[in-house]
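These notes concern the structure reproduced below.
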Ligand code: AMP
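Residue numbers (our numbering): 1 to 219.
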């Protein structure tokens with residue numbers, strides 16, 4: 001059965017780290033809209049130029065642009081057994097679009113759909129954001145206080161130099177939280193009403209959250 005999973009939670013709730021692990025665990029592609037958009041920006045595409053204006057302000061990129069990128073990505077062959085979708089949908093409009101995209105791609109294929117919500121205390125989120133560093137090459141995520149690389153500034157996995165995302169500064173982070181609470185948080189009820197929501201406590205260490213995540217995705 002095709003396994004379709006989406007993940008909800010505020011910026012820096014740990015979704016990126018956990019969903020990358022989950023993608024390896026199930027051998028499914030990790031589809032992350034933030035990274036897809038940043039790749040468009042680095043490649044200097046027209047989509048990237050538009051996206052940059054919104055990302056720099058902590059706002060959502062226009063829905064048509066993101067939906068097109070997601071549809072193209074989910075149509076690829078490596079998604080035929082399922083996907084781990086991180087960062088999409090981020091609004092009720094995008095959630096409706098995802099349903100439509102899945103219907104178009106899946107036809108009468110048997111699928112299982114789950115939405116997992118990462119629930120955690122909000123005070124720690126801003127500090128997580130400003131301490132976050134990531135690898136531009138393999139996508140590994142670190143926290144310079146709580147999960148530092150073995151050698152400062154260097155990715156443990158692939159040896160590339162770590163970078164800080166441009167939107168991981170306090171001002172943009174605040175705007176991203178506002179956007180999250182206004183646009184994305186209502187999706188918790190949206191998926192609860194469809195009976196596909198699982199909630200996990202996302203406080204604690206990477207290993208603790210991982211154990212909780214495995215329980216809800218395997219039940
Ligand atoms: P993220 O890497 O998930 O924190 O996303 C970084 C930024 O990319 C967000 O603050 C948005 O500006 C943009 N973005 C990512 N995913 C979406 C989406 N599904 N819809 C609109 N904008 C998005």
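Ideal Cβ positions, reconstructed from N, Cα and C, are used throughout, including at glycine.
Using a Cβ-based criterion (distance less than 7 Å to any ligand heavy atom), does residue 98 qualify as near ligand 1? Start at 1 with the first residue of the chain shown, and residue 98 comes out as number 98. Answer for residue 98: no, Cβ out of range of ligand 1.
Spatial distance of residue 141 from residue 108 (CA atoms): Within the chain shown, residue 141 is the residue found at index 141, counting from 1. Within the chain shown, residue 108 is the residue found at index 108, counting from 1. Whole-angstrom Cα-Cα distance: 37 Å.
Just to confirm before moving on: does the CB-CB distance between residue 73 and residue 184 stay below 8 Å? Here residue 73 corresponds to residue number 73 of the chain shown, with the count starting at 1. Here residue 184 corresponds to residue number 184 of the chain shown, with the count starting at 1. The answer is no: Cβ separation not under 8 Å.
Distance, Cα to Cα, residue 14 vs residue 118? Looking up residue 14 in the chain shown gives position 14. Looking up residue 118 in the chain shown gives position 118. So the alpha carbons of these two residues sit roughly 8 Å apart.
Would you call the CB atoms of residue 130 and residue 170 closer than 8 Å? For the purposes of this step, residue 130 is identified with residue 130 of the chain shown, where counting begins at 1. For the purposes of this step, residue 170 is identified with residue 170 of the chain shown, where counting begins at 1. Yes, these two residues count as a Cβ contact at 8 Å.
Identity of the residue in 181, 26, 200 and 57 nearest residue 120 by Cα: The sequence position of residue 120 within the chain shown is 120, counting from 1. The option with the nearest alpha carbon to residue 120 is 200.
Alpha-carbon to alpha-carbon, residue 213 and residue 148: In the chain shown, residue 148 corresponds to position 148, counting from 1. In the chain shown, residue 213 corresponds to position 213, counting from 1. If you take the alpha carbons of residue 148 and residue 213, they lie about 22 Å apart.
Please determine whether the Cβ atom of residue 177 lies at a distance below 7 Å from any heavy atom of ligand 1. The residue labelled residue 177 in the question sits at position 177 within the chain shown. No; taking the cut-off as 7 Å, the Cβ of residue 177 has no heavy atom of ligand 1 nearer than that.
Counting only the same chain and skipping the five closest in sequence on each side, list residues whose C-beta sits under 7 Å from that of residue 180. For the purposes of this step, residue 180 is taken as residue 180 along the chain shown, with counting starting at 1. The residues are 10 and 11.
Under 7 Å: does the beta carbon of residue 54 sit that close to some heavy atom of ligand 1? On the chain shown, residue 54 is found 54 positions in, with the first residue counted as 1. True, at least one ligand heavy atom lies under 7 Å from that Cβ.
Quick test of the definition: if touching needs 3 or more C-beta pairs under 8 Å, does the segment 149-168 touch the segment 186-203? no
Give me the Cβ distance between residue 82 and residue 4, rounded to the nearest whole Å; I'm assuming they're in contact under 8 Å. Within the chain shown, numbered from 1, the residue matching residue 82 stands at position 82. Within the chain shown, numbered from 1, the residue matching residue 4 stands at position 4. So it is a contact: roughly 6 Å between Cβ atoms.
From the DSSP output, which residues share a beta bridge with residue 114? Along the chain shown, one-based indexing puts residue 114 at 114. 5.
Quick check: is any heavy atom of ligand 1 less than 7 Å from the C-beta of residue 128? Position 128 of the chain shown, counted from the first residue, corresponds to residue 128. No - ligand 1 has no heavy atom lying nearer than 7 Å to the Cβ of residue 128.
Of the choices 40, 59, 114 and 58, whose alpha-carbon is the least far from that of residue 218? For the purposes of this step, residue 218 is identified with residue 218 of the chain shown, where counting begins at 1. Residue 114 is the option with its Cα nearest to residue 218.
Residue closest to residue 145, alpha-carbon to alpha-carbon, out of 136, 99 and 132: Locating residue 145 in the chain shown gives position 145, counting from the first residue. Comparing Cα-Cα distances from residue 145 to each of 136, 99 and 132, the minimum goes to 132.
Please check the pair residue 175 and residue 49, which I expect to be a contact at CB under 8 Å, by giving their CB distance rounded to whole angstroms. Indexing the chain shown from 1 puts residue 175 at position 175. Indexing the chain shown from 1 puts residue 49 at position 49. Not quite, the Cβ-Cβ distance comes to about 20 Å (not below 8 Å), so this is no contact.
Determine the contact status of residue 258 and residue 116, defining contact as a CB-CB distance below 8 Å. As shown, the chain starts at 1 and ends at 219. That puts residue 258 outside it, with no answer to give.
Measuring alpha carbon to alpha carbon, tell me which residue in 168, 112, 161 and 70 is nearest residue 196. To locate residue 196, count along the chain shown from 1; it is residue 196. Selected option, being the one with the closest Cα: 112.
Once you ignore the five residues that flank residue 191 on each side, which residues in its own chain have a CB closer than 7 Å to its CB? Taking the first residue of the chain shown as 1, we reach residue 191 at position 191. These residues qualify, in order along the chain: 115 and 197.
Excluding the 5 residues flanking residue 128 on each side, which residues of the same chain have their C-beta closer than 6 Å to its C-beta? Indexing the chain shown from 1 puts residue 128 at position 128. These residues qualify, in order along the chain: 12.
Checking 8 Å against the spacing of the C-beta atoms, do residue 63 and residue 104 come in under that value? To locate residue 63, count along the chain shown from 1; it is residue 63. To locate residue 104, count along the chain shown from 1; it is residue 104. No. Outside cutoff.
Short Cβ contact (8 Å threshold) for residue 6 with residue 85: Taking the first residue of the chain shown as 1, we reach residue 6 at position 6. Taking the first residue of the chain shown as 1, we reach residue 85 at position 85. Against a cut-off of 8 Å, the Cβ pair of residue 85 and residue 6 comes out as a contact.
Less than 8 Å between the C-beta atoms of residue 35 and residue 159, yes or no? Taking the chain shown and counting its residues from 1, the one referred to as residue 35 is at position 35. Taking the chain shown and counting its residues from 1, the one referred to as residue 159 is at position 159. It is not a contact, given that the beta carbons lie outside the stated cut-off.
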